[in-house]
Every structure is written in C-alpha cells, then in structure tokens.
Amino acid sequence: MYDEFHYQLLFECEKETMHQRCEARGRPEESNIPTEYLDQIWDIYHIRIKEIYPKFIRIPTDIREPDHMIRSLFIHEAKFENLRIEEMTITNEMRNYINNLPVTGYTLITLFKFNNSEYQVLAARRSKTTKVYAQQYSYFGGKKEITDKTYRDCVKREALEELKLKVEGHKLQLYMIHEYLSKNKSGTNPILQTDNLEDAKFLVQVPMYLYLMTTFDQIRWKYNEPNNMEKPKWMTYEECTHEIWTPFLQYYNAQIFEKHIPNYIHEWTQKGKVTANLIKGEFPDLATENHPLVDEQTIA
Numbered sequence: 005m006y007d008e009f010h011y012q013l014l015f016e017c018e019k020e021t022m023h024q025r026c027e028a029r030g031r032p033e034e035s036n037i038p039t040e041y042l043d044q045i046w047d048i049y050h051i052r053i054k055e056i057y058p059k060f061i062r063i064p065t066d067i068r069e070p071d072h073m074i075r076s077l078f079i080h081e082a083k084f085e086n087l088r089i090e091e092m093t094i095t096n097e098m099r100n101y102i103n104n105l106p107v108t109g110y111t112l113i114t115l116f117k118f119n120n121s122e123y124q125v126l127a128a129r130r131s132k133t134t135k136v137y138a139q140q141y142s143y144f145g146g147k148k149e150i151t152d153k154t155y156r157d158c159v160k161r162e163a164l165e166e167l168k169l170k171v172e173g174h175k176l177q178l179y180m181i182h183e184y185l186s187k188n189k190s191g192t193n194p195i196l197q198t199d200n201l202e203d204a205k206f207l208v209q210v211p212m213y214l215y216l217m218t219t220f221d222q223i224r225w226k227y228n229e230p231n232n233m234e235k236p237k238w239m240t241y242e243e244c245t246h247e248i249w250t251p252f253l254q255y256y257n258a259q260i261f262e263k264h265i266p267n268y269i270h271e272w273t274q275k276g277k278v279t280a281n282l283i284k285g286e287f288p289d290l291a292t293e294n295h296p297l298v299d300e301q302t303i304a
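Position 48 of the sequence shown, counted from 1, bears residue number 52 in the numbering used here, the numbering being contiguous throughout.
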C-alpha cells in the first residue's frame, strides 16, 4: 500500500521480560548473560534511540492482539497521504438513514497543563489485559450510562472513577464530537469505506472535552483503575508522536495540541473562563439526541 513509511518501529519489552527471555534460551552463551549487562545495553539503547531513529514509534512485544496495533499503525500512516482509510465518512445525504439508528454514547476528556513553555497532556496506556487496543495510549472517559443525564455528567463521572478527579464545570469545554457508524453496539466494529451504509446498525457519538489542570488539580488526581490502564503520565506532543494511540486519536492528536488547546488557553487568559460548548448548534450535549435513553441500553 505504501512505498515508504514515515516512521521506524521500535519493538520493545520491559527489562523483566528481557531477563526472562534470556534465561529461557537453550544456548548457555545466551542464557548466562549477566542481567547488569543486559540492563546497561537496554538503558543505552533507549537513551540513544531518538538520535538514531528520530521518528520511531514504540511497539510492545507482549500484546495479546497484535492486529489491533497493526490497524492503528496503518491509520497513522494514512494521515500522511491525507487518507481516512477506515471509518466511512458521514455526509448530509446519509442523515435520513442515520437519524433512525440507535445511539451509543462515549465521552473523552483531555486533561492538559502548561509546563516548561510547552503543553503537556495526561494520558495512559491501556493495560495488557484490555480486550480492545491493549497497550495503546488514550485519554480518559467511557461509555455513557443510563444514570448520566448529559454527556457532561458522564465525563465528570468517568474522571472521578478513573482518576479521583473532581471536574469543575467552568473549566470543562466541549470542542468537538467524533461520530462514526458501527455494526455492533460497542462501536468496536466500525463501518468501513468499503461497506454499505445499510450495514450500519448504530451511530457512535464521542463528545470530546478539554480541561485545564491547575496546580491544585495536578497534585490531587490519583491512579484509580490499574486493571484497565497503566499509570497515567504527562506527555508533550513530541512524546506522543512516539507512541501508538487508539484509532480515532490518531486523527485528532495533532489538532488537539496545535489548535484546540491554544484556543482554550487564549479564551481562558482573555476572559478568565471558557465557552462550555463550542458546537452548541450542532450538538446540544444531551444524553442522546435522537432516541430515548433506554434504546441504547436495551438493544442487543
């Protein structure tokens, strides 16, 4: 599909995994390598990798479903060709059909700060045991529950559950909604460019929010879901480019850093507040736009 790639792959394992693999080797000259030497080589390689391969992307070698990683890599590469190779593009002509589909709602919140003259986002790598997109990076959020009256309620609840973070409404800004069509309710089987519109059984909506983390916020969040994700960490945009992200964040991460966060900060510094909903006319932030809330919960 591509004549050349815009990145180099760094296949990586943890130090403990490296030790275990060496011990399991059948040849003595491999199984008896001192762990101190292995650790030294591991450290040197990871320090020098940016000099040797400045556009590397880190790929863990102990994931259960490598096809999910490959899928995200192809989406990443397609961006350089201005291609959207996966999800079917939703057009106005499709709306009559789409408006009759049940809605599955998720939320996504990007927590950010300004540090050392650059923006940083708080992100986490999904755990190895996660069924979908294991070991890929994402922000925080989740599925809208029947108790969530609005998407804002959902994103606040998810932040509290995942990070013990109490989101303050005046700093929460809805800046974009990602919509796509899916064959299944959970949204893990999207309608592709090569599919027929009639294959779509659900409309998936993902309202995306920004939230400025003050100094107080930065010291009070807690890692609260070890079964679902690794410990979150602050990342610059350059650091983000060396990791694999869940599919639709492959499309939006650059925009988040280059456009949406600066716009948020400009409004915050000028007015001391931010607009709660930047796309109010298109998306009123209701729990579900077109269907009774029960529809989403009861359809198999």
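In this text, a Cβ means the ideal position worked out from N, Cα and C, and glycines have one as well.
Note that the coordinates shown come from a computational prediction; the quantities given were computed from them, not determined experimentally.
For residue i, the nearest candidate out of the options (CA to CA)
i           : options            : result
residue 19  : 62, 46, 12         : 46
residue 62  : 277, 244, 267, 265 : 244
residue 156 : 210, 193, 133, 233 : 210
residue 197 : 95, 25, 41, 141    : 95
residue 246 : 77, 283, 145       : 77
residue 162 : 172, 32, 238, 147  : 147
residue 176 : 23, 59, 277, 56    : 277
residue 160 : 112, 121, 185, 189 : 112
residue 152 : 266, 108, 26       : 108
residue 114 : 190, 261, 104, 274 : 261
residue 284 : 180, 22, 204, 28   : 180
residue 142 : 150, 127, 32       : 127
residue 252 : 188, 32, 266, 93   : 93
residue 182 : 12, 67, 212        : 212
residue 110 : 186, 282, 158      : 158
residue 164 : 275, 55, 145       : 145
residue 206 : 218, 255, 187      : 187
residue 254 : 241, 266, 265      : 241
residue 167 : 265, 194, 204, 233 : 233
residue 49  : 73, 16, 29         : 16
residue 223 : 117, 103, 204      : 117
residue 104 : 12, 208, 220, 236  : 208
residue 53  : 12, 227, 31        : 12
residue 106 : 204, 32, 235       : 204
Alpha-carbon spacing of residue i relative to residue j, whole angstroms
i           : j           : result
residue 269 : residue 37  : 52 Å
residue 43  : residue 64  : 17 Å
residue 249 : residue 39  : 32 Å
residue 263 : residue 214 : 12 Å
residue 134 : residue 229 : 12 Å
residue 173 : residue 121 : 26 Å
residue 98  : residue 192 : 21 Å
residue 231 : residue 171 : 23 Å
residue 51  : residue 59  : 14 Å
residue 266 : residue 274 : 12 Å
residue 101 : residue 218 : 44 Å
residue 21  : residue 185 : 39 Å
residue 119 : residue 125 : 10 Å
residue 73  : residue 29  : 27 Å
residue 55  : residue 235 : 27 Å
residue 23  : residue 31  : 15 Å
residue 199 : residue 150 : 31 Å
residue 67  : residue 282 : 38 Å
residue 227 : residue 25  : 30 Å
residue 256 : residue 154 : 23 Å
Cβ separation of residue i and residue j, assumed to be a contact under 8 Å, to the nearest whole Å
i           : j           : result
residue 272 : residue 216 : 6 Å
residue 178 : residue 258 : Wrong, their Cβ atoms sit about 20 Å apart, outside the cutoff.
residue 123 : residue 130 : Contact flag wrong, Cβ pair sits at about 23 Å.
residue 139 : residue 132 : 6 Å
residue 225 : residue 169 : 4 Å
residue 14  : residue 57  : 7 Å
residue 195 : residue 27  : 47 Å between Cβ atoms; not a contact.
Contact with chain C by residue i, beta-carbon distance below 8 Å
i           : result
residue 132 : Among the chains in the structure shown there is no chain C, since it carries only a single protein chain.
Limits of the unbroken beta strand (DSSP E) element including residue i
i           : result
residue 108 : 107-109
residue 23  : Counting along the chain, residue 23 falls outside any beta strand (DSSP E), though it belongs to the alpha helix (DSSP H) covering 19-27.
residue 115 : 112-119
residue 139 : Segment: none, residue 139 is in no beta strand (DSSP E) and carries neither H nor E.
residue 261 : No beta strand (DSSP E) contains residue 261, which DSSP labels as neither H nor E.
residue 16  : 12-16
Terminal residues of the alpha helix (DSSP H) in which residue i lies
i           : result
residue 127 : Where residue 127 is concerned, there is no enclosing alpha helix (DSSP H), although the beta strand (DSSP E) it sits in stretches over 122-129.
residue 62  : Segment 60-64 is the beta strand (DSSP E) holding residue 62; no alpha helix (DSSP H) there.
residue 42  : 39-56
residue 271 : 265-275
residue 281 : Element bounds for residue 281: n/a, residue is neither H nor E.
residue 101 : 99-102
* What beta strand (DSSP E) runs, 3 residues minimum, are completely inside the segment 173-255? -> Within the segment 173-255, the complete beta strand (DSSP E) runs of at least 3 residues are 176-186, 206-216, 237-239.
* To do: Entirely within the segment 147-173 and at least 3 residues each: give me those beta strand (DSSP E) ranges in chain order.
  => Residue ranges of uninterrupted beta strand (DSSP E) with 3 or more members are absent from the segment 147-173; none lies entirely inside it.
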